[in-house]
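A short write-up of the structure that comes next.
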Amino acid sequence: MNPERSQHYPLRRRVVVKALLEERGDMLIIAGLGASAWDVTAAGDVPLNFPLWGAMGGSVPVGLGLALAQPSRRVLVITGDGEMLMGLGSLATVAIQQPSNLAIVVLDNERYGETGMQLTHTAGDVDLAAVAAATGFPIYCEVSNEEELHSELPQILNAEGPVFVNIKVRAENLPLILPAKDGAYLKDRFRLALLGPDAVS
Amino acid sequence: MTEHNVNSWADDIFQTLMAYRIRQVAYVPDAGHTRLIERCRESSEMISVPLTTEEEGVALLAGAWLGGDRGVLLMQSSGVGNCLNMLSLPRVCRMPLLMLVTMRGEWGEFNPWQVPMGQNADKALTMADVIIFLADDKDRVRETVEAAARMAFEGPAATAVLISQRLLGAKTFGK
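Sequences listed follow chains E and V, in order.
If you read the first sequence in this note's numbering, its first letter stands for residue 1, the second for the next number, and so on.
If you read the second sequence in this note's numbering, its first letter stands for residue 202, the second for the next number, and so on.
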């Protein structure tokens with residue numbers, strides 16, 4: 001385990017997420033609990049975001065169920081390395097389904113951010129993009145600088161997936177920008193925007 | 202336990218799932234669910250999603266509901282324990298969840314390792330605010346699944362039907 005290196009990674013998570021969502025169009029966003037949910041909210045607190053406040057390990061299967069239900073819409077899961085590590089098996093479940101409209105981005109700072117920045121397994125040699133590759137994702141890579149991020153953006157937003165991109169980001173504590181935490185409200189807000197008024201009646 | 206008996210209640214469940222417009226069928230295989238899983242996999246109106254662990258199915262069906270799809274989660278009783286924290290998702294978000302659980306460790310079980318969850322699946326589900334229904338008569342499986350589906354999707358609520366090992370026949374490994 002290397003406790004030092006992610007303090008020096010050049011990419012900053014909020015800048016990365018802002019770039020991902022700048023031209024989101026009608027894309028549907030699932031955000032994993034903790035910093036990823038705050039990052040997505042910082043880029044714009046809109047109804048077609050579904051930020052999780054718990055259900056750790058669940059962001060990828062939530063994204064899969066949504067992608068299967070809405071095959072004509074792009075679904076992007078944005079989550080952290082700790083959350084992803086808790087649900088590694090879900091990558092195999094996605095790979096079996098091969099949803100072409102699903103992309104998964106992991107903001108990998110090698111830390112459990114919400115509990116005191118303890119090291120995750122990716123501070124060792126665990127390579128999440130390689131895990132995705134081994135399960136059968138047709139598109140997978142790791143991004144660690146601005147240039148790579150720029151060249152991978154079209155894949156994340158448009159490529160026929162499933163797509164998995166692990167982005168190495170700096171370990172840093174940022175100001176909290178919180179979405180609503182009432183799950184029923186977040187769900188109704190999302191379904192109203194996506195499915196129309198009948199979905200919440 | 203004849204083949205006909207096994208198939209008839211599984212077919213009853215399949216027809217109920219069709220009537221309730223269930224689209225995503227998430228499962229970890231169980232011998233007791235063999236026939237139902239086959240029927241669902243053959244259906245062009247359903248998407249079958251095999252899972253690596255049952256909690257994935259709870260999250261998957263939350264995503265399905267966000268996107269307008271109804272789903273069902275099939276598992277055996279040992280899988281209930283794997284779901285507990287993830288059940289906070291449908292509870293906090295007030296989403297429907299329909300679970301069909303085939304029981305082990307409950308009626309003539311030969312494997313003691315199945316007994317802890319077999320004896321506590323109902324308590325664990327109740328603790329997680331899941332409404333439970335017991336089905337131990339093959340002729341009443343259909344109405345029980347209908348009742349659970351109606352309360353799940355009209356609620357919305359999380360509901361589970363526990364299908365007794367008495368309907369499945371105790372597994373023996375041929376001994």
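Glycine included, C-beta positions come from ideal geometry on N, C-alpha and C.
Given the structure is predicted, the values throughout are model-derived calculations rather than measurements.
query	result
Distance, Cα to Cα, residue 146(E) vs residue 10(E)?	8 angstroms
How should residue 4(E) be labelled, buried or exposed, when 16 other C-beta atoms within 10 angstroms of its C-beta is the threshold for buried?	exposed
What are the boundary residues of the alpha helix (DSSP H) that residue 228(V) is part of?	Unbroken run through residue 228(V) is the beta strand (DSSP E), 223 to 228; no alpha helix (DSSP H).
Given that residue 68(E) touches chain V, what residues does it touch there, using C-beta distances under 9 angstroms?	224, 225, 248, 250, 261, 264, 265, 268 and 270
Once you ignore the five residues that flank residue 330(V) on each side, which residues in its own chain have a CB closer than 8 angstroms to its CB?	288, 292 and 359
Using 9 angstroms as the threshold, is the C-beta distance between residue 220(V) and residue 262(V) below it?	no
Can a CB atom of chain V be found closer than 9 angstroms to the CB of residue 164(E)?	no
Determine which residues of the segment 125 to 139 of chain E have a Cβ less than 8 angstroms from any Cβ of chain V, and write them out in chain order.	none
Can you tell me whether residue 25(E) is buried or exposed, with buried defined as 16 or more other CB within 10 angstroms of its CB?	exposed
Please classify residue 176(E): is it buried, with 16 or more other beta-carbons within 10 angstroms of its beta-carbon, or exposed?	exposed
Measure the CB-CB distance between residue 242(V) and residue 278(V) and report whether it falls below 9 angstroms.	no
In chain V, what lies closer than 7 angstroms to residue 97(E) by C-beta?	250
How close, in whole Å, do the beta carbons of residue 50(E) and residue 29(E) come, if the pair is a contact with beta carbons under 8 angstroms?	7 angstroms
What are the residues in the segment 276 to 302 of chain V lying within 8 angstroms of chain E by C-beta distance?	286, 287, 289, 290, 293, 294, 295 and 296
Please look up how many angstroms separate the CB atoms of residue 273(V) and residue 218(V), rounded, as I've assumed it's under 8 angstroms.	6 angstroms
I'd like the list of long-range same chain contacts for residue 323(V), defined as Cβ closer than 7 angstroms, with 5 residues on each side in sequence excluded.	333 and 363
Check whether the Cβ atoms of residue 84(E) and residue 171(E) sit closer than 9 angstroms, and answer yes or no.	no
Chain E beta carbons: is any one of them nearer than 9 angstroms to that of residue 254(V)?	yes
Helix, strand or coil for residue 109(E)? Go by DSSP, reduced to three states.	coil
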